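Below: the structure, in structure tokens.
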Ligand code: PLP
């Protein structure tokens, strides 16, 4: 499909078509280019590609045509300028952060994020000399207090896992703009269908494709999407020296001098090239299949989750339900302000009456599988305190709102009535 620019079509239509122009075989399904490397026409072309004078494939650790189509399609769906694909969401987050921060720098991060990302920022990046500074999304004056001249990124989730909370995003982007700091939003749970990061001044969106975009629990993947015009924030900004001074590892190249989306190009030339958390072409194809039905599925996940949340809210043995589409939820107003159709995705958390009750509910459920994943078409359940968030300290758990009684559900695409019956049986056992 030629000339499909993201300004002409809805995200749903783009999810089916964008980024793919038929090759000589004109296969309707995107081909899987199963090749580790690429033939150069001659050495002059090889030299030009290595020197970034000509863009094109060199080696599949950096780029691959199937992966490229996925990157272009996702960027179009989210209305971004450029997309880069990684082997997992974790790798996407790591690369996006270290593309901005190095030894001696710090990153401001939200108190309500996925436990794995919190561990990455607080512990792994610390070993690289990068400090993580937490801010409270329910009191954004705390963000202004933690940022300084060495703050290289502000990181948060649009819809957080597992607390399902929503920050006042425009307040965050206003604070970031005042100081010329790049904002990174993990848009995994919301997906580009429910939350449009670049409409609210966010600079970079990251995704675990493993979740709703894949949609069937059949493969890992990650993506980093940058907004149109991000170069203007980075070029000449003293905060981002690495982009504005010669890169010794690249023959003295100054990224800011390139007429390209420099944040993403450096993800490829520095991080994918030198570390190589690269997706396989088969997994790119699997994610392309998932993306085709993303809008259909996320609407149904949201519809089912609301019905489940309403049931749980009315149950006397459930002490709290965290799901922003419920009118009683403290984030309901922010959901209406920021999210397409006021839909809240398929993730919800609730509080059982005790740790023992939480264990018993998880172990009794039949349709909800005990699984450390989200966004599958099948319903999943986990006890974050003892699993996904078990590496957090008691203080971190308290700050992120996770208790021994918290149960997280990833509501799937089964009939809502069956899911409610399964929950009722487990809670009342
Ligand atoms: N971001 C969020 C919100 C997640 O829930 C996860 C995984 O659970 C990740 C990132 C990490 O993604 P992956 O498992 O694809 O590495």
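Numbering (our numbering), first residue to last: 708 to 1136. The beta-carbon is built from N, C-alpha and C at its ideal position, and this holds for glycine as well. Because the structure is a prediction, the values reported are computed rather than measured.
Discussion item. Is any non-hydrogen atom of the ligand PLP found closer than 8 Å to the C-beta of residue 821, if you look at the structure I gave you?
Written reply: yes
Discussion item. Taking 8 Å as the cut-off, is the C-beta of residue 778 nearer than that to any heavy atom in the ligand PLP?
Written reply: No, since every heavy atom of the ligand PLP falls outside the 8 Å radius drawn around the Cβ of residue 778.
Worksheet entry | Status (buried if at least 16 other CB within 10 Å, exposed otherwise) for residue 779 | buried
Practice prompt. Take residue 1057 and list the residues in its own chain whose beta-carbon comes closer than 6 Å to its own, dropping the five residues that flank it on each side.
Written response: Sequence-distant partners of residue 1057 (beyond 5 residues in either direction) whose C-beta falls short of 6 Å from its own C-beta, in its chain, are 1019, 1025, 1028 and 1114.
Worksheet item: Got a sec, what are the start and stop residues for the alpha helix (DSSP H) residue 1113 sits in?
Response: No alpha helix (DSSP H) contains residue 1113, which is instead part of the beta strand (DSSP E) from 1113-1117.
Worksheet item: Do residue 1033 and residue 1086 have their C-beta atoms within less than 9 Å of each other?
Response: no
Worksheet item: Relative to the C-alpha of residue 972, which residue among 1060, 728, 758 and 748 is closest?
Response: 758
Worksheet item: Who are the Cβ neighbours of residue 1096 in its own chain at under 6 Å, not counting the five residues just before and after it?
Response: Once the five neighbours on either side are set aside, the close Cβ partners of residue 1096 are 822 and 1109.
Worksheet item: So what does residue 786 bridge to, in DSSP terms?
Response: DSSP, once it has assigned bridges, lists no residue as partnering residue 786.
Worksheet entry | Sequence-distant residues of the same chain with beta carbon closer than 6 Å to residue 709, five excluded per side | Confidence is the limiting factor: at residue 709 the pLDDT is only 44, short of 50, which leaves the residue's position unreliable, though a coordinate-based value still follows. Excluding positions up to five away in sequence, the list reads 728.
Worksheet item: Would the beta-carbon of residue 930 fall within 9 Å of that of residue 799?
Response: yes
Discussion item. Using a Cβ-based criterion (distance less than 8 Å to any ligand heavy atom), does residue 895 qualify as near the ligand PLP?
Written reply: Taking 8 Å as the cut-off, the C-beta of residue 895 counts as close to a heavy atom of the ligand PLP.
Item to complete: Identify every run of the beta strand (DSSP E) within the stretch 863-895, keeping only runs that are complete inside it and at least 3 residues long; order them along the chain.
Response: 889-893
Item to complete: Helix, strand or coil for residue 860, going by three-state DSSP, please let me know.
Response: If DSSP states are grouped into helix, strand and coil, residue 860 belongs with the strands.
Discussion item. Is residue 800 a contact residue of the ligand PLP, with contact defined as CB to any heavy atom under 8 Å?
Written reply: It does: the Cβ of residue 800 is within 8 Å (strictly closer) of some heavy atom of the ligand PLP.
Worksheet item: Taking the C-alpha atoms as reference points, what is the distance between residue 990 and residue 922?
Response: 13 Å
Worksheet item: Going along the chain, which residues of its own chain have a beta-carbon closer than 8 Å to the beta-carbon of residue 1084, five neighbours each way excluded?
Response: 922, 923, 924, 1004, 1119 and 1120
Worksheet item: Would the beta-carbon of residue 849 be found less than 8 Å away from any heavy atom of the ligand PLP?
Response: no
Worksheet item: According to the neighbour-count rule (16 or more other Cβ atoms, all chains shown, within 10 Å of its Cβ), is residue 1136 buried or exposed?
Response: exposed
Item to complete: Could you check the C-alpha separation between residue 1139 and residue 871 for me, to the nearest Å?
Response: Since the displayed the chain opens at 708 and closes at 1136, residue 1139 lies outside it and no answer follows.
Discussion item. Please classify residue 775 as buried or exposed, where buried requires at least 16 other C-beta atoms within 10 Å of its C-beta.
Written reply: Around the beta-carbon of residue 775, 16 or more other beta-carbon atoms lie within 10 Å, marking it buried.
Worksheet item: residue 805 lies in the alpha helix (DSSP H); which residues open and close that run?
Response: 796-805
Discussion item. What does the Cβ neighbour count give for residue 1021, buried or exposed, with the cut at 16 atoms within 10 Å?
Written reply: exposed
Item to complete: Look at the alpha carbon of residue 803 and the alpha carbon of residue 797, and state the distance between them as a whole number of angstroms.
Response: 10 Å
Fill in: Within the stretch 724-799, ranges of the alpha helix (DSSP H) (whole runs, at least 4 residues)
750-757 and 772-785
Discussion item. Comparing C-alpha positions only, which one of 720, 736 and 743 sits nearest to residue 986?
Written reply: Sorting 720, 736 and 743 by C-alpha distance to the C-alpha of residue 986 places 743 at the top.
Practice prompt. Write down the C-beta distance between residue 1002 and residue 904 rounded to the nearest angstrom, noting that I regard them as a contact closer than 8 Å.
Written response: About 17 Å separates the two Cβ atoms, so there is no contact after all.
Item to complete: Following the continuous beta strand (DSSP E) through residue 911, name the residue where it begins and the one where it ends.
Response: 911-915
Worksheet entry | Identified DSSP bridge partners for residue 906 | Bridge partners of residue 906: none, in fact.
Worksheet entry | Residue from 1106, 732, 781 and 733 with nearest C-alpha to residue 720 | 781
Discussion item. Can you list, in chain order, the residues of its chain with a C-beta nearer than 6 Å to that of residue 1050? Leave out the 5 residues immediately preceding and following it.
Written reply: 901 and 1009
Item to complete: Within its chain, find whatever has a CB closer than 6 Å to the CB of residue 1046; leave out the 5 residues flanking it on each side and keep chain order.
Response: 901 and 902
Worksheet item: Hey, residue 1052 and residue 866 are a contact pair by Cβ (cut 8 Å); roughly how many whole angstroms apart?
Response: The pair is a contact, with the Cβ atoms about 6 Å apart (cut-off 8 Å).
Practice prompt. Counting only the same chain and skipping the five closest in sequence on each side, list residues whose C-beta sits under 7 Å from that of residue 1133.
Written response: 1068, 1071 and 1072
Practice prompt. For the stretch 1020-1090, list the alpha helix (DSSP H) runs that are entirely contained and at least 4 residues long, ordered along the chain.
Written response: 1039-1045 and 1062-1071
Worksheet item: Under the DSSP definition of a beta bridge, which residues are partnered with residue 841?
Response: 816
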